[in-house]
Structures are given as C-alpha cells and as structure tokens.
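> The sequence shown runs -14 to 248 under the working numbering.
C-beta: ideal position from N, C-alpha, C; glycine also.
Please read all numbers here as calculations on a predicted model, not as lab measurements.
Dumping the structure here so I can ask a few things about it.
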Amino acid sequence: MFYLKQYIKINSRHPLLGAVTFLLALGFVLLLGHRQAVETWVFKKMPSSFERSYFHALVSGKENQNWISRKLKELPGVHYVQILGKKKVEGRAKNILKGLNFTGSSTLFNIDFSGLKVIFKKNLALRSQNLIRNYLSRLVGAEKLTLGATKDPDPGLLQKSYWIRVLREKGSWGVTGLYFLALIGLFYLLSVRISRATYLVGQFQRRENVFPKTLVSGISFTLVLGIALSFLLGPPSYLGLLISAIGLLSISLLALTKQQWNI
C-alpha cells in the first residue's frame, strides 16, 4: 500500500502526464478485453460499399423503412441495408437521378419518399442480385418503388481504398498497436519522474528497491482496475485480458531495465 500511495502521489505532481498515462493504460485493457465488441461497434457499424455491388431504391414515405430494411437483411445475399432519411434524399434527389439509371416512375418525387441503399455480399451472382431486387419490388409494390441500377465496385477505387479496407478489417489491432506504442513512451516519461522521487524516499526512509516496487504497484493497480471494469461491461475475452496483462507488465519491465537514475 505504501508504494501505491507513492505512485499516486507522484502522479498528482504531474497531473497531465499521470492522467493521460492512466486513462490510456485503462483503455488498453478494456480494448483488448472487449476487442470484438469494439471492432463491431466502431469499425464495422456502417459497412462500406466500395468493395461490393449495391443499388439505391426510393420508397414511398408511407411505407415502414425499418421493416423493409429488416426483411431485406434476412436475405442471405444482402450484406447491409442503409436507410437514407427523407431530408437527405430530398437534397440529393437530382444527383441520384443523374448518377443512376432508374427503372420506375419519377412521379415519386412529387410525393413523400425516403431512400434505401442495399449492399450485396461479395461476389454475389447476378441472378441472386436480380432475385433480391425482384423481392424488394414484390415486398413494397412496384408502384411505390423506384429502383436504381446495380453499381459494381470500381477497381480504381478499390486500389485507392486499400488502407481503408485494412483499417476496417484490422482496425482494432491497429488501434491496440498505437495504444501500446503510446504507453511505452508515456510510461518511460513517467518512470523518469518516479525514479527521481523514489530515490529520495529510499535515501531518507532507508528502503530498498523503492522505484521498481512503486512502478509495478501503480501498473498492477491499473491492470486490476481495468480487468474489473471489463467484467462489469460484460463477459470479456480472457485471451485479450491476458495479452493486456503481458503488455503492461512488459512495459514496466522495459522501463525498469532502461531507466537511468537522473537525480
């Protein structure tokens, strides 16, 4: 307890560095503990259409777009359905008409309507795409629907969007890596302050190994708190928590081996 109090006391003397280091370390544990949930919520919440075929549809505003979207998502060939709000569609109606070859009545623009963007799964056969389009027509009614032409992925855009795809597919690991690198730097800066303060404590109170005990106590406290919060948020990944523990303890070991006494 003595060493943990020293760790907190030293951090209070450097509030910005201490707070940022603590929050990042805590976030590191939570991120790894719930990596899949974070990945789904942040990186894959709105699936991109640049690598999949898709089409737009204008639907009468009297129809329930949420129900239509839910029915379409039940189809095996549908990757995602994005609902375009009425205001958004009204502002882009002319651009949509110019960019798409619609097969339907344009009189829908004189009544209330909203839009859907239906994104197919990768490499879905043309026959399956047409079946989905026909299903939507039967579901809503051809007189209440205006379908846009199916758009295929642009090879040039796919090449330019390589790093975007990498971020979407490996985003959580990328953020974790950045977290880890940032923590190494922050804990090194913090260890310099801790080593100077604990050197004096050791000299006056005749205690040995005050610096390593203080640093490990602080990191262990952060790790335990992060694990506790992970369980409060829901069932965590035990492998993720193990990796976070190894990561933080490795950082403390690195700080201990590299730290020089600059008093």
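Do you know offhand how far ILE231's Cα is from VAL201's?
Near 13 angstroms, if we compare the C-alpha coordinates of VAL201 and ILE231.
> Where does the unbroken alpha helix (DSSP H) through SER54 begin, and where does it stop?
Element bounds for SER54: 50 to 58.
> Alpha carbon to alpha carbon, what distance is there between SER38 and MET31?
Residue placement at MET31 cannot be trusted, given a pLDDT of 46 that sits under 50; what the coordinates show is reported in the next sentence. In a straight line, the C-alpha of MET31 is about 15 angstroms away from that of SER38.
> Along the chain, where does the beta strand (DSSP E) containing LEU69 start, and where does it finish?
Taken as a continuous stretch (DSSP letters only), the beta strand (DSSP E) holding LEU69 covers 63 to 69.
> With distances taken between CB atoms, is the gap from SER54 to VAL125 smaller than 9 angstroms?
Cβ atoms of SER54 and VAL125: not closer than 9 angstroms.
> Among LEU238, GLY225 and THR183, which has the Cα closest to the Cα of ALA22?
Per the Cα distances, GLY225.
> With a cut-off of 8 angstroms on the beta carbons, I'd call GLY203 and LEU(-11) a contact; round off their distance for me.
Between LEU(-11) and GLY203 the Cβ distance is about 7 angstroms, and since that is below 8 angstroms, they are a contact.
> Checking the sheet assignment: what are the DSSP bridge partners for HIS327?
Here the chain has residues from -14 to 248 only, and residue 327 is not among them.
> Answer yes if the region 128 to 135 comes into contact with the region 56 to 73, meaning at least three C-beta pairs across the two stretches below 8 angstroms, and no otherwise.
No, they do not touch.
> To the nearest angstrom, how far is the alpha carbon of SER180 from that of VAL14?
Rounded to whole angstroms, SER180 to VAL14 spans 25 angstroms at the Cα level.
> Grouping DSSP H, G and I as helix and E and B as strand, with all else coil, what is LYS129?
In this structure, LYS129 counts as helix in the three-state DSSP scheme.
> By the DSSP assignment, the alpha helix (DSSP H) with LEU210 in it spans what residues?
195 to 218 is the extent of the alpha helix (DSSP H) around LEU210.
> Cα separation between GLY159 and LEU11?
Spanning the two alpha carbons is a distance of roughly 17 angstroms.
> If you run the structure through DSSP and keep just helix, strand and coil, what is SER237?
It is helical.
> Please classify SER46: does DSSP put it in a helix, a strand, or coil?
Correcting the residue type first, residue 46 is Gly in the shown sequence and not Ser. Note: GLY46 maps to coil in three-state DSSP.
> Buried or exposed for GLN190, going by 16 or more other Cβ atoms inside 10 Å?
Looking at its Cβ environment, which holds fewer than 16 other Cβ atoms inside 10 Å, GLN190 is exposed.
> Can you tell me whether ALA240 is buried or exposed? The criterion is at least 16 other CB atoms within 10 Å of its CB, across all chains shown.
Buried, by the Cβ-count rule.
> Go ahead and pull the three-state DSSP assignment for LYS136.
Here LYS136 sits in strand by DSSP.
> Report buried or exposed for SER237, applying the criterion of at least 16 other Cβ atoms within 10 angstroms of its Cβ.
Looking at its Cβ environment, which holds 16 or more other Cβ atoms inside 10 Å, SER237 is buried.
> Whole angstroms is fine: what's the gap from ILE117's alpha carbon to ILE104's?
Rounded to the nearest angstrom, the two C-alpha atoms are 11 angstroms apart.
> Using a Cβ-Cβ cut-off of 8 angstroms (strictly less than) and excluding sequence neighbours within five positions of ASN51, which residues of its own chain qualify?
So the qualifying residues of the chain are ILE68.
> Since LEU101 sits in a beta bridge, which residues does DSSP pair it with?
ALA42 and ILE68, per the DSSP bridge assignment.
> Do VAL186 and ARG192 have their CB atoms nearer than 9 angstroms?
Their beta carbons are under 9 angstroms apart, which means VAL186 touches ARG192 by this criterion.
> My guess is that SER222 and ARG20 are in contact by the Cβ rule of under 8 angstroms, so how many angstroms apart are they, rounded?
Indeed they touch by this definition, with Cβ atoms about 6 angstroms apart.
> Mapping the DSSP letters down to three states, classify MET(-14) as helix, strand or coil.
MET(-14): coil per DSSP, three-state reduction.
> Going by beta carbon distance, what residues of the same chain come within less than 6 angstroms of LEU171, once the five residues before and after it are set aside?
Contacts found: THR6.
> Please return the same chain residues whose Cβ sits closer than 6 angstroms to the Cβ of LYS198, not counting the five positions on each side in sequence.
So the list reads TYR(-12), once near-sequence residues are dropped.
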